[in-house]
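For reference, the structure is listed below as structure tokens.
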Amino acid sequence: MIEQSLVRNFAAPLRYCAAILIVTAALLLSLGLQEPFGNPSWFLFPAAILAITWFFGNRPGWLAVALSTLAVQYYFIPPLRTWALRPRDIPFIVSFVACEVVANRIVAWRIRTENALRESRDQLEVRVAERTADLKDANDALRKQMEEQSRTEEALEVARAELARVVRITTVGELAASIAHEVNQPLAAVVANADACVAWLTLKTPDLAEAQAAAMRAVEGATRASDVIVRIRTLISKGVPQKTKVDINDVINDTLTLTKEQVTRNNVSLSLQLDTDVPQVMGDRIQLQQVILNLVANAVEAMANVSGRDRILEIRSQREQDHGIRLSVQDAGVGISEELIPRLFEPFFTTRARGIGMGLAISRSIVEAHGGRLWVESRLNQGTVFQLTLPETEDVDT
Amino acid sequence: MKSADSIVLIVDDDAMVREGIQSLVRSIGLRVLSFASAAEFLSAKIPDVPKCLILDVRMPGQSGLDLHRQLMNSKVEIPTVFISGHGDIPMTVRAMKQGAMEFLTKPVRGQDLVDAVQNALERDRALRKERAEFESIRKRFESLTPRETEVLNLVVSGLLNKQIADELGMSELTVKTHRAHVMEKTKADSLASLVRMAERLKSYSHINK
Numbered sequence: 001m002i003e004q005s006l007v008r009n010f011a012a013p014l015r016y017c018a019a020i021l022i023v024t025a026a027l028l029l030s031l032g033l034q035e036p037f038g039n040p041s042w043f044l045f046p047a048a049i050l051a052i053t054w055f056f057g058n059r060p061g062w063l064a065v066a067l068s069t070l071a072v073q074y075y076f077i078p079p080l081r082t083w084a085l086r087p088r089d090i091p092f093i094v095s096f097v098a099c100e101v102v103a104n105r106i107v108a109w110r111i112r113t114e115n116a117l118r119e120s121r122d123q124l125e126v127r128v129a130e131r132t133a134d135l136k137d138a139n140d141a142l143r144k145q146m147e148e149q150s151r152t153e154e155a156l157e158v159a160r161a162e163l164a165r166v167v168r169i170t171t172v173g174e175l176a177a178s179i180a181h182e183v184n185q186p187l188a189a190v191v192a193n194a195d196a197c198v199a200w201l202t203l204k205t206p207d208l209a210e211a212q213a214a215a216m217r218a219v220e221g222a223t224r225a226s227d228v229i230v231r232i233r234t235l236i237s238k239g240v241p242q243k244t245k246v247d248i249n250d251v252i253n254d255t256l257t258l259t260k261e262q263v264t265r266n267n268v269s270l271s272l273q274l275d276t277d278v279p280q281v282m283g284d285r286i287q288l289q290q291v292i293l294n295l296v297a298n299a300v301e302a303m304a305n306v307s308g309r310d311r312i313l314e315i316r317s318q319r320e321q322d323h324g325i326r327l328s329v330q331d332a333g334v335g336i337s338e339e340l341i342p343r344l345f346e347p348f349f350t351t352r353a354r355g356i357g358m359g360l361a362i363s364r365s366i367v368e369a370h371g372g373r374l375w376v377e378s379r380l381n382q383g384t385v386f387q388l389t390l391p392e393t394e395d396v397d398t
Numbered sequence: 399m400k401s402a403d404s405i406v407l408i409v410d411d412d413a414m415v416r417e418g419i420q421s422l423v424r425s426i427g428l429r430v431l432s433f434a435s436a437a438e439f440l441s442a443k444i445p446d447v448p449k450c451l452i453l454d455v456r457m458p459g460q461s462g463l464d465l466h467r468q469l470m471n472s473k474v475e476i477p478t479v480f481i482s483g484h485g486d487i488p489m490t491v492r493a494m495k496q497g498a499m500e501f502l503t504k505p506v507r508g509q510d511l512v513d514a515v516q517n518a519l520e521r522d523r524a525l526r527k528e529r530a531e532f533e534s535i536r537k538r539f540e541s542l543t544p545r546e547t548e549v550l551n552l553v554v555s556g557l558l559n560k561q562i563a564d565e566l567g568m569s570e571l572t573v574k575t576h577r578a579h580v581m582e583k584t585k586a587d588s589l590a591s592l593v594r595m596a597e598r599l600k601s602y603s604h605i606n607k
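Heads up: the protein sequence lines correspond to chains A and B, in order. Following our numbering, the numbering of the first sequence begins with 1 at its first residue and continues without gaps. Following our numbering, the numbering of the second sequence begins with 399 at its first residue and continues without gaps.
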């Protein structure tokens, strides 16, 4: 409490010794000063009292008061070198006591303040600790929540990819006849060329050059057939979507290999206007192929019952003015009535007898997941155009 | 070689298939002309020799069936072997009704195709021969005078000279003279062959109406 001095870590005897030493120093200094200046310089004693009280507490302070009184009375108040107290000693005794009282008060106030400060600081620390703990809890909860959310999102992503794949398989299923043709055609070439090769070899004088040319065409045909199969296998394979740099024109051409027969069978003529200067985009090749496949299949289907005008399917790729690319698939089909347009991209919305109505919903979600947009404009009995934009690849991440 | 004078025409949009078939057909010593589309085929000059057509059913633009029908309608009769990726029954029926020689499914076995081509060429040779004969008969018959034609028709319907003379109001001798001219101009060596020729001409012009 008040007892406590500022130099708390000093043991009590040490503090008293310090008081004695300081008073002695003040006495010696005062005596020394008295020689040159002549005046009794006992003003150092109040300073010593103040300092002792300040640094070592009130008890050493009182000791200092006592010692100072004795010293002043003995050395400075005439008659000098006697211990007897006289009324004229009273003022300096009073002033010493006053000094001590004031110093005591100040020290007490200071210690109180200090204690209060310490207390409030301790309290603050406790509160901060509490708050920190609270915050940590909240943080943990949040992290857990985020982990959960990211797990949910991962699961969602997996589910979405799986759904996309299922729809893709459905689309591939719908194109089965077309795809079978695309495989059968090169196989026909293989058989014809292999037969020709054998025929040239079994002539009386075998024509090796012709046989070789035929054999090479057979190999080429087999390669083409296997390419188609690889393309389909990739299209229906399971896998996490992977974003790579993609040339959209390649994707379009790949897709058209699978739909060529479908296009031909429906007497549709294809108008390809691919800008060779389109920038690459960052995307999952298979998913983008799915989008185009879907749009092309829809366009061909839309023209299946059209008569009286040319069935033209126009596919165009171009550089988008500000950034990225724009792709449009336009048909001259029956068109879509205005009421139906807003519902086109809804899941399970279909105008076809077969078909699960997921194609456009998936397509839009794919395009949007790539940072692009997919939209439609249509006029009844004139045709429909689906357009999509995709952002350009940032060149930094090669 | 007997087949050197004939030609095989191929129309298929798939270059590799086309080249394979072309090579196969050339390997048996036949001349080949190949085309990537119906339009290309129609605008080509095709030599007037025995020929047959190998036609892909499914092609962009005009399909093989359409091309064949167009040829039939414009009386261009070429024995045609259809080849198709997957010949469903209605398509096959339609092709056969249109007068296709053969309908083969891709991939086509080489021997099947060669056989079909040989048959088709044989058929075309026969057709050409028949057409040529018919042409010459028609020419001979056209060289008859109206009077001779009248006599011919009555002879063919089985009347005797006497009956003809009564019918046409002329002497039996005149009928005999006309009749001799008819036999000479039509190069018929007997009454039977004259009747056959007349029947043939009638049935053809009937069909061609």
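Glycine included, C-beta positions come from ideal geometry on N, C-alpha and C.
Nearest-angstrom Cα separation, counted from alanine 18 (chain A) out to serine 5 (chain A): For serine 5 (chain A), the predicted model reports a pLDDT of 48, less than 50, meaning its position is unreliable; a value from the coordinates is still stated below. Rounded to the nearest whole angstrom, the C-alpha separation of serine 5 (chain A) and alanine 18 (chain A) is 13 Å.
Interface residues of chain A facing glycine 483 (chain B) [CB-CB closer than 7 Å]: Near glycine 483 (chain B) (Cβ distances below 7 Å), the residues of chain A are His181, Asn184 and Gln185.
Could you run through the segment 416 to 447 of chain B and flag, in chain order, every residue whose CB is less than 7 Å away from some CB of chain A? Taking 7 Å as the cut-off between beta carbons, the residues of the segment 416 to 447 of chain B near chain A are Glu417, Gly418, Ile419, Ser421, Leu422, Ser425 and Ile426, in sequence order.
Just confirm the distance between the C-beta atoms of valine 65 (chain A) and phenylalanine 92 (chain A), as a whole number of angstroms; I'd bet it's less than 8 Å. Contact between valine 65 (chain A) and phenylalanine 92 (chain A) does not hold, since the beta-carbon distance rounds to 11 Å and is not under 8 Å.
May I ask you to list the residues that DSSP assigns as paired with lysine 527 (chain B)? DSSP, once it has assigned bridges, lists no residue as partnering lysine 527 (chain B).
Which residues in chain A sit within 7 Å of valine 455 (chain B), going by Cβ to Cβ distance? Contacts between valine 455 (chain B) and chain A, judged by CB atoms closer than 7 Å, are missing: the closest CB pair is about 10 Å apart.
Where valine 512 (chain B) and isoleucine 476 (chain B) are concerned, what is the direct C-alpha to C-alpha distance, given to the nearest angstrom? Straight-line measurement puts the Cα of isoleucine 476 (chain B) at about 17 Å from the Cα of valine 512 (chain B).
Hey, how far is the Cα of threonine 384 (chain A) from the Cα of valine 228 (chain A)? CA-to-CA, the gap between threonine 384 (chain A) and valine 228 (chain A) works out to about 29 Å.
Output the residue ranges of the alpha helix (DSSP H) runs that lie fully inside the segment 206 to 242 of chain A and measure 4 residues or longer, sorted by chain position. Inside the segment 206 to 242 of chain A, DSSP marks whole alpha helix (DSSP H) runs of 4 or more residues at positions 208 to 236, from first to last along the chain.
Strand pairing of isoleucine 481 (chain B), partner residues [DSSP]: Per DSSP, B:Asp454 and B:Leu502.
Express the C-alpha separation of glutamate 438 (chain B) and valine 367 (chain A) in angstroms, rounding to a whole number. Take the alpha-carbon of valine 367 (chain A) and the one of glutamate 438 (chain B): they are about 42 Å apart.
Between which two residues does the alpha helix (DSSP H) containing threonine 257 (chain A) stretch? In the DSSP annotation of this structure, the continuous segment of the alpha helix (DSSP H) that includes threonine 257 (chain A) starts and ends at 248 to 265.
Among all the DSSP beta bridges, which residues are the ones paired with valine 409 (chain B)? DSSP lists B:Phe433 and B:Leu453 as partners of valine 409 (chain B).
What would DSSP say about glutamate 346 (chain A), mapped onto helix, strand or coil? Three-state DSSP puts glutamate 346 (chain A) in coil, outside helix and strand.
Strictly under 8 Å for the Cβ-Cβ distance: is glutamate 174 (chain A) near chain B by that measure? It does not: the Cβ of glutamate 174 (chain A) has no partner Cβ on chain B nearer than 8 Å.
Backbone secondary structure at glycine 418 (chain B) - three-state DSSP: Glycine 418 (chain B): helix per DSSP, three-state reduction.
Below 8 Å CB to CB, which residues in the same chain sit around leucine 163 (chain A) once its five sequence neighbours on both sides are set aside? Cβ-Cβ distances below 8 Å link leucine 163 (chain A) to Met358 and Ile362 in the same chain, with the five nearest sequence neighbours on each side left out; the list follows chain order.
Could you tell me whether the segment 428 to 435 of chain B touches the segment 451 to 462 of chain B, using the rule of 3 or more Cβ pairs below 8 Å? Yes, the segment 428 to 435 of chain B touches the segment 451 to 462 of chain B.
Go to phenylalanine 386 (chain A), then tell me how far its alpha helix (DSSP H) extends in each direction, as first and last residue. Segment 383 to 390 is the beta strand (DSSP E) holding phenylalanine 386 (chain A); no alpha helix (DSSP H) there.
Exposed or buried, which one is aspartate 191 (chain A) when buried takes at least 16 other CB atoms within 10 Å? For the sequence presented, residue 191 (chain A) should be read as valine rather than aspartate. Around the beta-carbon of valine 191 (chain A), 16 or more other beta-carbon atoms lie within 10 Å, marking it buried.
Output needed for methionine 595 (chain B): all residues of its chain with C-beta closer than 7 Å, excluding positions within five of it in sequence on either side, in chain order. These residues qualify, in order along the chain: Ile535, Thr584 and Ala586.
When burial is assigned at 16 or more other CB atoms within 10 Å of the CB, is aspartate 410 (chain B) buried or exposed? Of the residues assessed, aspartate 410 (chain B) falls on the buried side of the cut-off, its CB having 16 or more other CB atoms within 10 angstroms.
Proximity test, Cβ basis, 8 Å: arginine 265 (chain A) and chain B: With 8 Å as the cut-off, arginine 265 (chain A) counts as an interface residue toward chain B.
Would you please verify whether the beta carbon of arginine 217 (chain A) is less than 8 Å from any beta carbon of chain B? With a threshold of 8 Å between beta carbons, arginine 217 (chain A) makes contact with chain B.
Tell whether a beta-carbon distance below 8 Å holds between serine 425 (chain B) and alanine 215 (chain A). No, the Cβ-Cβ distance between serine 425 (chain B) and alanine 215 (chain A) is not below 8 Å.
Hey, would you say glycine 371 (chain A) sits closer than 8 Å to proline 342 (chain A), going by beta carbons? Cβ distance not < 8 Å, so glycine 371 (chain A) and proline 342 (chain A) don't count as in contact.
Enclosing alpha helix (DSSP H) for arginine 492 (chain B) [first to last residue]: For arginine 492 (chain B), the enclosing alpha helix (DSSP H) has its first and last residue at 487 to 495.
Counting only the same chain and skipping the five closest in sequence on each side, list residues whose C-beta sits under 8 Å from that of arginine 526 (chain B). Counting only Cβ-Cβ distances below 8 Å, and skipping sequence neighbours, we find Pro448.
Tell me the DSSP secondary structure of glutamine 321 (chain A) in three-state form. Correct three-state label for glutamine 321 (chain A): coil.
Report the neighbours of tryptophan 200 (chain A) on chain B: residues whose CB is nearer than 7 Å to its CB, in chain order. By Cβ distance, chain B contributes Ser425.
Rounded distance between the beta-carbons of threonine 259 (chain A) and alanine 297 (chain A), thought under 8 Å: With a Cβ gap of about 7 Å, alanine 297 (chain A) and threonine 259 (chain A) count as contacting.
For leucine 552 (chain B), which residues in the same chain have their Cβ closer than 8 Å to its Cβ, ignoring the five residues on either side in sequence? The answer, listed in chain order, is Gln561, Ile562, Glu565 and Leu566.
Who are valine 191 (chain A)'s beta bridge partners in DSSP? Answer is none; valine 191 (chain A) lacks a bridge partner.
Against chain B, does threonine 398 (chain A) count as a neighbour if the rule is that its beta carbon must be under 8 Å from one of theirs? Confidence at threonine 398 (chain A) is low in this model, with a pLDDT of 41, below 50, so its placement is unreliable and the value that follows should be read with caution. So no, threonine 398 (chain A) is outside the interface.
Is it right to say threonine 244 (chain A) is buried, meaning 16 or more other beta carbons lie within 10 angstroms of its own, or is it exposed? Its Cβ having fewer than 16 others within 10 Å, threonine 244 (chain A) is exposed.
Contact under 8 Å by Cβ, threonine 255 (chain A) with glutamine 289 (chain A): The answer is yes: Cβ separation under 8 Å.
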